[in-house]
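Report on one structure; see the data block that follows.
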Amino acid sequence: MENLFTQKSNLPLAEKLRPTSLGDFIGQEHIVGKDKILRRIIESDRIVPMIFWGPPGCGKTTLAKIIAGRTKSQFVFISAVASGVADLKKIVAEAGDKSQFNQIKTILFIDEIHRFNKSQQDFLLPYVENGTVTLIGATTENPSFQVNAPLLSRARVFHFREQTIPSVAKALKRAISRINLEQADYVSGRSEGPKNKIEISKKALELIANLCEGDLRDAYNALELAIISAEPRDGIIKIDELLAQESIQQKFIRYDKGADGHYDAISALHKAIRASQPDAALHYLARMLEAGEDPLYVIRRLIRCASEDIGMADSQALILATSVLDATRHLGMPEANNAIAQLVIYLSIAPKSRAVDEAYASAKNDVTNSRLEPVPLKIRNASSKIMKDFGFGKDYKMYDKESLLPDNLKGKKYWRG
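Okay, so the sequence shown: first residue is 15 according to the numbering used here, each after it adds one.
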């Protein structure tokens, strides 16, 4: 096997260290752990159409390549970024021939499948349906929105999660052990000369594992940069906390303003406020603002929160929320971040009442689902003599105690504050 760090290979360390067996695969225990369904599918070589959905660097492509190494089927790997219908036509034609004449199945792995448009995805439908190809698609985007419903209904979705800090640390330790075992002189790039052993401090390991945001590829890249930039001494390359910090650079905040990260974070912020947890609410606020989210979008949700979850329990909440909206428009960011944080804290610790929200929802339900009987005559607008002659506004009293609801809803209670 080619040494990890010979000059012949320009592959990144993450690619060189990619596991080739389920035994070496790290993370995703909920789907590939012992006796879990995906592991059973792979080990039995009974691959079914699947969508692998998860964040970058969590193992989707790695697992696909492990399947490629185990299956007796023909395995075809393409990226939706660089492929189109012409490529798909060629693949399904060859798959059909192999199935008909050689009884060989074809597994088609499409990386970044969400990059295929609707027509490209639709092209695959009949071939997935009749078994010409067994599709495995990988995507970082929510397949509910990015994969066509007919195609999605023909595949089993497996949700991959971010790698945990212990999983990343385990992978890095394993990588260093492998490097040391092969005794590669990675610094000079020479196959001859002194060999250097890699040593990494506990704090450096923890730092990379923590700051890579569950992206194992990012962690490997940081380790590779640290090894390249380190100065060996007495045959040892030492990676300390400072070198690890320099190698991973500034922490990348994973957040997509147009996808799940956006909606997950705003939902978490609202629910933390509802639960009266200011610390959690501030965390999700900071996560959004520091990733570049539109502060006005956040405040609009907070205004809704002030009415929906606090309402009449503290009527000042709505006033403060609209004031912060105005302040943010005047100040801009980042100067307005404290004003927004102040609002989040206020809403979090304020007394909660959903009476307003429930009252309106109940009234809306009757308007939507009940007969809309005429407005009672005595509270109709009497703006002309004819209207008055017909009884509009007759017997109206300013402080009337009698119900002013339509006849079919008299006695109905919406507001229970």
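We put the beta carbon where it would ideally sit given N, CA and C, even for glycine. Computed from a predicted structure; not experimentally measured.
- Message: Helix, strand or coil, according to DSSP, for Arg54 in the structure here?
- Response: helix
- Query: Out of Pro70, Gln291 and Lys86, which has the shortest C-alpha to C-alpha gap to Ile61?
  - Reply: Lys86
- Query: Once you ignore the five residues that flank Glu206 on each side, which residues in its own chain have a CB closer than 6 angstroms to its CB?
  - Reply: For Glu206, the predicted structure reports a pLDDT of 47, less than 50, and the residue's modelled location is therefore unreliable. The matter cannot be settled from this model.
- Span of the beta strand (DSSP E) holding Val46? First-last for Val46: Glu43 to Val46, but that is the alpha helix (DSSP H), not the beta strand (DSSP E).
- Task: Could you tell me the boundaries of the beta strand (DSSP E) in which Phe91 lies?
- Result: Per DSSP, Phe91 belongs to the beta strand (DSSP E) from Gln88 to Ser93.
- Report buried or exposed for Leu149, applying the criterion of at least 16 other Cβ atoms within 10 angstroms of its Cβ. buried
- Task: Below 8 angstroms on the Cβ atoms is my guess for Pro390 versus Pro420; work out the distance and round it to an integer in Å.
- Result: 7 angstroms
- Message: Just to confirm, is the Cβ distance from Val370 to Met326 under 8 angstroms?
- Response: yes
- Could you name the residues of the same chain whose beta carbon sits closer than 7 angstroms to that of Glu143, not counting the 5 residues immediately before and after it, in chain order? Taken in chain order, the residues that qualify are Arg168.
- Item | Assigned exposure category for Asn235 - 16 Cβ within 10 Å defines buried | A residue is called buried when at least 16 other Cβ atoms come within 10 angstroms of its Cβ; Asn235 meets this threshold and is buried.
- Query: For Ala373 versus Arg301, is the C-beta spacing smaller than 8 angstroms?
  - Reply: no
- Given Ala320, which residues of its chain have a CB within under 7 angstroms of its CB, disregarding the five upstream and five downstream residues? Ala331, Leu332, Ala335 and Leu361
- Whole-Å CB distance - Asp59 paired with Arg84, under 8 angstroms assumed: Right, the Cβ-Cβ distance comes to about 6 angstroms (below 8 angstroms), so this counts as a contact.
- Message: Among Gln42, Tyr277, Ile241 and Ala286, whose alpha-carbon lies nearest the alpha-carbon of Glu307?
- Response: Tyr277
- Task: Confirm, please, whether the CB-CB distance from Ile317 to Leu345 is below 8 angstroms.
- Result: no
- Looking at the structure shown, is Glu29 part of a helix, part of a strand, or coil, going by DSSP? helix
- Query: Can you list, in chain order, the stretches of the beta strand (DSSP E) that have 3 or more residues and sit fully within the stretch 320-398?
  - Reply: none
- Message: If I follow the unbroken beta strand (DSSP E) through Phe130, where does it start and stop?
- Response: From DSSP, Phe130 is part of no beta strand (DSSP E); its letter is neither H nor E.
- Say whether the stretch 399-413 touches the stretch 345-359, bearing in mind that this needs 3 or more beta-carbon pairs closer than 8 angstroms, one atom from each stretch. Contact between the stretch 399-413 and the stretch 345-359 is absent, because fewer than three Cβ pairs lie under 8 angstroms.
- Message: My assumption, with CB atoms under 8 angstroms, is that Trp67 sits in contact with Phe174. Please give the rounded CB distance.
- Response: At roughly 7 angstroms, the Cβ-Cβ gap stays under 8 angstroms, so Trp67 and Phe174 are in contact.
- Which residues in the same chain have their Cβ closer than 7 angstroms to the Cβ of Leu418, if we skip the five residues on either side of it in sequence? Pro390 and Ile393
- Query: Which whole-angstrom value is the C-beta distance of Ile45 and Phe172, which I expect to be below 8 angstroms?
  - Reply: 5 angstroms
- Query: Excluding sequence positions up to five away, which residues of its chain have a Cβ less than 7 angstroms from the Cβ of Pro164?
  - Reply: Leu139
- Item | Glu176 in three-state terms, based on DSSP | coil
- Task: Could you tell me the distance, in whole angstroms, from the CA atom of Ser202 to the CA atom of Thr75?
- Result: Summary for Ser202: the model assigns pLDDT 42, below 50, so the residue's position carries little reliability; its value from the coordinates is reported in the next sentence. Rounded to the nearest angstrom, the two C-alpha atoms are 31 angstroms apart.
- Query: What number of angstroms, rounded off, separates the C-alpha of Val312 from the C-alpha of Asp125?
  - Reply: If I take the Cα positions, the gap works out to 33 angstroms.
- According to the Cβ coordinates, are Ser261 and Ala233 closer than 8 angstroms? no
- Task: State buried or exposed for Ser35, treating a residue as buried only when at least 16 other CB atoms are found within 10 Å of its CB.
- Result: exposed
- Query: In chain order, what residues of the same chain have a beta carbon less than 8 angstroms from the beta carbon of Glu322, not counting five sequence neighbours either side?
  - Reply: Arg368, Val370 and Asp371
- Query: What does Thr154 pair with, by DSSP beta-bridge criteria?
  - Reply: Beta-bridge pairing links Thr154 to no other residue.
- Message: Below 8 angstroms on the Cβ atoms is my contact criterion, and I expect Ile435 with Ile251 to pass it. Report the Cβ-Cβ distance as a whole number of Å.
- Response: The structure shown has nothing for residue 435, since the chain only spans 15 to 431.
- Asp111 - DSSP class collapsed to helix/strand/coil: Look at Asp111 here: in three-state DSSP terms it is helix.
- Task: Look up Gly425 in the DSSP assignment and say whether it is helix, strand or coil.
- Result: coil
- Taking DSSP as the reference, what is the three-state secondary structure of Val312? helix
- Under the rule that 16 or more other beta-carbon atoms within 10 Å means buried, what is Pro348, buried or exposed? Pro348 comes out exposed.
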